[in-house]
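**Student:** Mind having a look at this structure? Questions to follow.
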Ligand SMILES: Nc1ncnc2c1ncn2[C@@H]1O[C@H](COP(=O)(O)OP(=O)(O)O)[C@@H](O)[C@H]1O
Ligand SMILES: [Mg+2]
């Protein structure tokens, strides 16, 4: 059998991962607090149920391919790393690069030459976690190899973006990074997260963003890991009064990718605006999960998720919005649009609303469809070959979610990346 | 003969819409096709342009002696056929500029000509837009999205001016236009008239024909050309109506 594993094979994978990480932790000489944090997570991983298709949350996101992988935790050992590819599209700003989970000073901005108002420090392990951990999240916490806390001081408007660059070069590497971004009152910053690599492996990312009153954070995410890699991310955003959060993501890489976003709106008049462009091709599983919690008066949240799905791929979306008692006048919208590029492509979208407040405006909608024949014909009738016509229309569909990316170099790089990716699908 | 259509028969959704249509058109001529609603005018245009909803069940259509019916829609466009749609389609997210440039370069590539770069293309498109009295912002907007009826038709005229086809079929490009837009369309057609280029104007009003004088007028009725003549036919339609004229 190649398509499923017996329960004891999943157990074996669990044991193998446990031993791998355990052995690795023993070799680290980090401070007591860091080590105990890792060991605690590892102890939970040892006893927790592994994700399986019987569980509602994992019904469409099968991890068989992951359990079969023989992962390693490589060390950097000062070797030269080909990180240039990730920086081809040169973005001016503070760059923090990580190779196989390790900070790479050669490809990073000097930490002693940071702009005023930006402080980079060690992670704070006392930050509480909002949700129950699943097995993969425990694994991420147990195997953290690098991470930073980035504080943007009150009243600082960082002009240039902070770019976190994550590259895999070692085949089958397990890399786990964590970042904490703290925007103090009235601070603003743009954080770009790029995940790339030409090798399979397991890429785990944890990010917390807390935006204090009147702060503004823009988060731009490009998940473009190798087509055989597995990528999981947990991003938690907390917004205080009048805070603004904008996220734009382009998710195209990985065999299995699950990107999870939790937005906690804990201050009045705060606003979250999230848009995602997803391309799932071949046998890819692209899983996007959002949890939006409105706990305060008068706040707004906007979401647009656009999936272009081809081959035998699966585009999975789960989005829940919780409007708590007292969060009156909440305005929350969530739209998911699926474009099916092949008859075997699948979309599984599940929006949920839970409302306990009064006078709220909440909407959610899911559409699924194929490329419109009339549109294709219009382009063909002007001499554009059918393939190209389909490419233009489907690229525009994804692009529409990402048209307002505020960093021009990235916006243009994404346009190209979307076209290139879809081109592969249509040629195949 | 630029266009030679003989005994053309076609169905859509199992319904016969063209029932033995004949038409001959020489290079440089302007022909008008008039007929009541549902006569098959748009069907005729669609079959020539290669819309896949239609099945050709008999007959022939040749462009410059080459079998049109054997070609893909894009190949017909590359061979010099242009259809201005009765209902131009909106394409969200695709800018008019990208669309026009891709179309022009696709046609040039098929003709063995080098592609135009952004600069060369811009110069050419500016020139054509000036001729049609179109504003610059047209290029940046998504194809036909949020365009008024008149703007959509003008956009089709811009495509026609840019692609320089040999045979232009305008399917009710005049309907729903105010007088200024109608004049703009007529001006576009007149500016493009040449000894090598022919036009088929499908209409059921005579308004457009006051500005673009046709060489031949045809009446298309129940899937066939039932009468052909000069401008005098238009007066007869006014007087007798299509039914009586077709029966005569
Ligand atoms: N897609 C279609 N499916 C079914 N019937 C159609 C379709 N398109 C056109 N028809 C029918 O074919 C006939 C001819 O239509 P059309 O060519 O649009 O006429 P005209 O343009 O002369 O008004 C009409 O009876 C119309 O209802
Ligand atoms: Mg019609």
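Protein chains in written order, with my numbering: chain A, 1 to 428; chain B, 1 to 248. C-beta atoms are modelled at their ideal positions from N, C-alpha and C, and glycine is treated no differently. The structure displayed is predicted, hence computed values, not measured ones.
Can you list, in chain order, the residues of the segment 377-401 of chain A whose Cβ is nearer than 9 Å to any Cβ on chain B?
**Tutor:** 377, 378, 379, 380, 381, 382, 383, 384, 385, 386, 388, 389, 392, 393, 395, 396, 397, 398, 399 and 400
**Student:** Measuring only the C-alpha atoms, how far is residue 172 of chain A from residue 100 of chain A?
**Tutor:** Walking along the first chain from the start, residue 172 of chain A turns up at place 172. Walking along the first chain from the start, residue 100 of chain A turns up at place 100. Using only the alpha carbons, I get a separation of about 10 Å.
**Student:** Over what stretch of residues does the beta strand (DSSP E) that includes residue 54 of chain B continue unbroken?
**Tutor:** Mapped onto the second chain, residue 54 of chain B falls at position 54. Element bounds for residue 54 of chain B: 54-63.
**Student:** State the Cα-Cα distance for the pair residue 336 of chain A and residue 21 of chain B, rounded to the nearest angstrom.
**Tutor:** Stepping through the first chain from its first residue, residue 336 of chain A is reached at position 336. Stepping through the second chain from its first residue, residue 21 of chain B is reached at position 21. The straight-line gap from Cα to Cα measures roughly 47 Å.
**Student:** Considering only the alpha carbon of each residue, which of B:181, B:215, B:171 and B:73 lies closest to residue 35 of chain B?
**Tutor:** In the second chain, the residue the question calls residue 35 of chain B occupies position 35. Looking at the Cα atoms, B:171 is the closest of the given residues.
**Student:** Leaving aside the five residues before and after residue 88 of chain B along the sequence, list all residues of the same chain whose C-beta is less than 6 Å from its C-beta, in chain order.
**Tutor:** Here residue 88 of chain B refers to the residue found at position 88 of the second chain. In the same chain as residue 88 of chain B, and ignoring 5 residues on each side of it, the C-beta atoms closer than 6 Å to its own belong to 144, 152 and 156, in chain order.
**Student:** Buried or exposed: which applies to residue 259 of chain A, given that a residue is buried once 16 or more other Cβ atoms fall within 10 Å of its Cβ?
**Tutor:** Working through the first chain from its first residue, we reach residue 259 of chain A at position 259. Counting the other Cβ atoms within 10 Å of the Cβ of residue 259 of chain A gives 16 or more, which makes it buried.
**Student:** State yes or no: is the beta carbon of residue 51 of chain B nearer than 8 Å to at least one beta carbon in chain A?
**Tutor:** As a working mapping, residue 51 of chain B is identified with position 51 in the second chain. At least one chain A Cβ lies under 8 Å of residue 51 of chain B.
**Student:** Could you tell me whether the Cβ of residue 74 of chain B comes closer than 8 Å to any Cβ of chain A?
**Tutor:** For the purposes of this step, residue 74 of chain B is taken as residue 74 along the second chain, with counting starting at 1. It does; some Cβ of chain A falls within 8 Å.
**Student:** If you measure beta-carbon to beta-carbon, which residues of the segment 355-378 of chain A are closer than 7 Å to chain B?
**Tutor:** 374, 375, 377 and 378
**Student:** So what does DSSP say about residue 157 of chain B, is it helix, strand or coil?
**Tutor:** On the second chain, position 157 is the one that residue 157 of chain B refers to. Here residue 157 of chain B sits in helix by DSSP.
**Student:** Which chain A residues are close to residue 92 of chain B, counting only those with a beta carbon under 8 Å from its beta carbon?
**Tutor:** Along the second chain, one-based indexing puts residue 92 of chain B at 92. Per Cβ cutoff of 8 Å: 396, 397 and 400.
**Student:** In chain order, what residues of the same chain have a beta carbon less than 6 Å from the beta carbon of residue 109 of chain A, not counting five sequence neighbours either side?
**Tutor:** Residue mapping note: residue 109 of chain A aligns to position 109 of the first chain, counting from 1. These residues qualify, in order along the chain: 94 and 95.
**Student:** Taking 7 Å as the cut-off, is the beta-carbon of residue 41 of chain B closer than that to any non-hydrogen atom of ligand 1?
**Tutor:** Here residue 41 of chain B corresponds to residue number 41 of the second chain, with the count starting at 1. Result yes, Cβ under 7 Å from ligand 1.
**Student:** Report whether the distance from the Cβ of residue 86 of chain B to the nearest heavy atom of ligand 2 is below 7 Å.
**Tutor:** Position 86 of the second chain, counting from 1, holds the residue named residue 86 of chain B. Yes, Cβ of residue 86 of chain B sits closer than 7 Å to a heavy atom of ligand 2.
**Student:** Kindly provide the ranges of any beta strand (DSSP E) runs that are 3 or more residues long and lie completely inside the segment 318-366 of chain A, ordered along the chain.
**Tutor:** Runs found: 331-340 and 346-355.
**Student:** Is residue 199 of chain A closer than 8 Å to residue 226 of chain A when the C-beta atoms are compared?
**Tutor:** Here residue 226 of chain A refers to the residue found at position 226 when the first chain is read from its first residue. Here residue 199 of chain A refers to the residue found at position 199 when the first chain is read from its first residue. Cβ distance < 8 Å, so residue 226 of chain A and residue 199 of chain A count as in contact.
**Student:** Could you name the residues of chain A that residue 106 of chain B contacts, counting a contact when the two beta carbons are closer than 8 Å?
**Tutor:** Position 106 of the second chain, counting from 1, holds the residue named residue 106 of chain B. Neighbours of residue 106 of chain B on chain A, chain order: 382, 383, 384, 385 and 388.
**Student:** Just mark residue 77 of chain B as buried or exposed, buried being the case when its beta carbon has 16 or more other beta carbons within 10 Å.
**Tutor:** The residue you call residue 77 of chain B lines up with position 77 of the second chain. Answer is buried; the Cβ neighbour count reaches 16.
**Student:** Please confirm whether residue 124 of chain B has its beta-carbon closer than 8 Å to some beta-carbon of chain A.
**Tutor:** As a first step, residue 124 of chain B is located in the second chain; it is residue number 124 there, counting from the start. With 8 Å as the cut-off, residue 124 of chain B does not count as an interface residue toward chain A.
**Student:** Is the beta carbon of residue 275 of chain A less than 8 Å from the beta carbon of residue 402 of chain A?
**Tutor:** Residue 275 of chain A sits at position 275 when you count from the first residue of the first chain. Residue 402 of chain A sits at position 402 when you count from the first residue of the first chain. Yes; because the gap between Cβ atoms is below 8 Å, this pair is in contact.
**Student:** Compare the C-beta of residue 203 of chain B with all C-beta atoms of chain A and state if any pair is closer than 8 Å.
**Tutor:** Position 203 of the second chain, counted from the start, is the residue given in the question as residue 203 of chain B. Answer no: the Cβ-Cβ gap between residue 203 of chain B and chain A never drops below 8 Å.
**Student:** Under a three-way DSSP split, which group does residue 149 of chain B fall into?
**Tutor:** For this step, residue 149 of chain B is matched to residue 149 along the second chain. Correct three-state label for residue 149 of chain B: helix.
**Student:** With DSSP as the reference, identify every bridge partner of residue 434 of chain A, one or two as the case may be.
**Tutor:** Here chain A has residues from 1 to 428 only, and residue 434 of chain A is not among them.
**Student:** What's the C-alpha gap between residue 380 of chain A and residue 221 of chain B?
**Tutor:** Position 380 of the first chain, counted from the first residue, corresponds to residue 380 of chain A. Position 221 of the second chain, counted from the first residue, corresponds to residue 221 of chain B. About 29 Å.
**Student:** Considering residue 58 of chain A, what are the terminal residues of the alpha helix (DSSP H) in which it resides?
**Tutor:** One-based indexing of the first chain puts residue 58 of chain A at position 58. Segment: none, residue 58 of chain A is in no alpha helix (DSSP H) and carries neither H nor E.
**Student:** Under 7 Å: does the beta carbon of residue 171 of chain B sit that close to some heavy atom of ligand 2?
**Tutor:** On the second chain, residue 171 of chain B is found 171 positions in, with the first residue counted as 1. Checking every heavy atom of ligand 2 against the Cβ of residue 171 of chain B, one is found closer than 7 Å.
**Student:** Any beta-carbon of chain A closer than 8 Å to the one on residue 78 of chain B?
**Tutor:** Working through the second chain from its first residue, we reach residue 78 of chain B at position 78. Answer yes: the Cβ-Cβ gap between residue 78 of chain B and chain A drops below 8 Å somewhere.
**Student:** Compute every distance between the C-beta of residue 80 of chain B and the non-hydrogen atoms of ligand 1, then say whether any falls below 7 Å.
**Tutor:** Indexing the second chain from 1 puts residue 80 of chain B at position 80. Incorrect: residue 80 of chain B has no Cβ contact closer than 7 Å to ligand 1.
**Student:** Can you pull out the residues from the segment 152-166 of chain B whose beta carbon lies closer than 8 Å to at least one beta carbon of chain A?
**Tutor:** 159 and 163
**Student:** Among A:232, A:44 and A:281, which has the Cα closest to the Cα of residue 342 of chain A?
**Tutor:** By 1-based counting over the first chain, the position of residue 342 of chain A is 342. When each option's Cα is compared against that of residue 342 of chain A, the closest is A:281.
**Student:** Do the segment 87-105 of chain B and the segment 387-394 of chain A touch if we need at least three Cβ pairs shorter than 8 Å?
**Tutor:** yes
**Student:** Taking only heavy atoms of ligand 1 into account, decide whether any of them is closer than 7 Å to the Cβ of residue 12 of chain B.
**Tutor:** Here the question's residue 12 of chain B lines up with position 12 in the second chain. Residue 12 of chain B Cβ: within cutoff of ligand 1.
**Student:** Nearest chain A C-beta to residue 83 of chain B closer than 8 Å, yes or no?
**Tutor:** On the second chain, residue 83 of chain B is found 83 positions in, with the first residue counted as 1. Closer than 8 Å: yes.
**Student:** Any Cβ of chain A within less than 8 Å of the Cβ of residue 200 of chain B?
**Tutor:** In the second chain, counting from the first residue as 1, residue 200 of chain B sits at position 200. Output row for residue 200 of chain B: interface = no.
**Student:** Give every residue of the same chain whose Cβ lies closer than 8 Å to the Cβ of residue 213 of chain B, excluding the five residues on either side of it in the sequence, and list them in chain order.
**Tutor:** Looking up residue 213 of chain B in the second chain gives position 213. Same-chain partners within the cutoff: 30 and 231.
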